[in-house]
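S.K.: If you read the sequence shown in my numbering, its first letter stands for residue 203, the second for the next number, and so on.
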Amino acid sequence: MTRYRGYLIDLDGTLFKGEEVISSGLRFIDELEKRGLAYLYFTNNSFRKPEQVAEKLQGFGYPATPDQVVTSAQATAVYLQNRLGAPSVYPVGGKGLKDALTEVGCRFTEHHPDAVVVGIDPSFTYDKMKTACLAIRAGAKFFATNGDLMLPSDEGLLPGNGSLCAGITAATGVQPTFIGKPEQPIVDYALSRLQTSVQETLIVGDNLLTDIQAGVNSGMDTLLVFGGVTTEEEYRKSSIQATYSVYDLMEWNFI
Ligand SMILES: [Mg+2]
203 MTRYRGYLID LDGTLFKGEE VISSGLRFID ELEKRGLAYL YFTNNSFRKP EQVAEKLQGF
263 GYPATPDQVV TSAQATAVYL QNRLGAPSVY PVGGKGLKDA LTEVGCRFTE HHPDAVVVGI
323 DPSFTYDKMK TACLAIRAGA KFFATNGDLM LPSDEGLLPG NGSLCAGITA ATGVQPTFIG
383 KPEQPIVDYA LSRLQTSVQE TLIVGDNLLT DIQAGVNSGM DTLLVFGGVT TEEEYRKSSI
443 QATYSVYDLM EWNFI
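#1: Would you report the Cα separation of glycine 307 and aspartate 301, rounded to the nearest angstrom?
#2: Please find out if some non-hydrogen atom of ligand 1 comes closer than 7 Å to the beta-carbon of glycine 362.
#3: Since isoleucine 211 sits in a beta bridge, which residues does DSSP pair it with?
#4: Over what stretch of residues does the beta strand (DSSP E) that includes tyrosine 446 continue unbroken?
#5: Just tell me which of Thr273, Gly238, Thr311 and Gly263 has its CA closest to the CA of proline 252.
#6: Are the beta-carbon atoms of threonine 333 and glutamate 312 separated by less than 8 Å?
#7: Expressed to the nearest angstrom, what Euclidean distance is found between the alpha-carbon atoms of glycine 430 and lysine 219?
#8: Going by other Cβ atoms of all chains shown within 10 Å of its Cβ, with 16 needed for buried, is glutamine 276 buried or exposed?
#9: Quick check on tyrosine 328 - is its C-beta less than 8 Å from some C-beta in chain C?
#10: Check each candidate in Gly382, Pro354 and Asp329 and name the one with the smallest Cα separation from phenylalanine 345.
#11: Using the Cα positions of phenylalanine 230 and alanine 342, report the straight-line distance between them to the nearest angstrom.
#12: What does DSSP give as the partner residue(s) for serine 290 in the beta ladder?
#13: Given that a residue counts as buried once 16 or more other Cβ atoms are within 10 Å of its Cβ, and exposed if not, what is tyrosine 243?
#14: Counting Cβ pairs, one atom from each stretch, are 3 or more of them under 8 Å apart for the stretch 426 to 441 and the stretch 313 to 330?
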């Protein structure tokens, strides 16, 4: 088995499930630490700030620091900075997104923004949708932190950011540029933080359509762990295939 120097590790469904820690995730991270391997916590969630994500992980017993967290909000902000300078933005989303955009120098406006950026927003309203749609119709570029249509929760599957964006697309005819998993920009951003190459880095996750597809899209090897979003039955029928699959992270052989 190849020795990977860097690991990009999904959170929900991989290291914890809802409010419950996945104990083999703790042992997996412990092994990475012992072996001195580079790794980052790799999430499509744009709502929380890296500090909040790290805090949540610490609550489960993970040795997480904010600088080990890669969010789709950070990847989106850096993408905007690289492609558009620091544009004026109408943001829809949580503090994680707004802080990331502010950090790269974006200023916020409802009036003729250069870009509309949409991340998951539990306070999404008709008014926000209207402002976003009018801005896009007036020429603002449309970006989405991620395209997840559904968000697993204890209540069942909730509408994800992709579903909010689908409404804006329906009203404008404009598709957003998606940044998060499975798209390339978040992988490029994560690798730049991890300082490892495509060949020596492994993406680990429970979701075939985001984590594993991200690897397929970017030419990286992947490790699918069952027990989260993707079931073994779905995986067997799918045309998307991971490099490795395990029932439990403890099956992973680091050597
Ligand atoms: Mg997951």
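All residues carry an ideal CB built from backbone N, CA and C; glycine is no exception.
M.R.: In brief:
#1: 10 Å
#2: no
#3: Tyr243 and Val406
#4: 446 to 448
#5: Thr273
#6: yes
#7: 7 Å
#8: buried
#9: The chain labelled as chain C is not found in the depicted structure, where only one protein chain is given.
#10: Gly382
#11: 43 Å
#12: Arg309
#13: buried
#14: no
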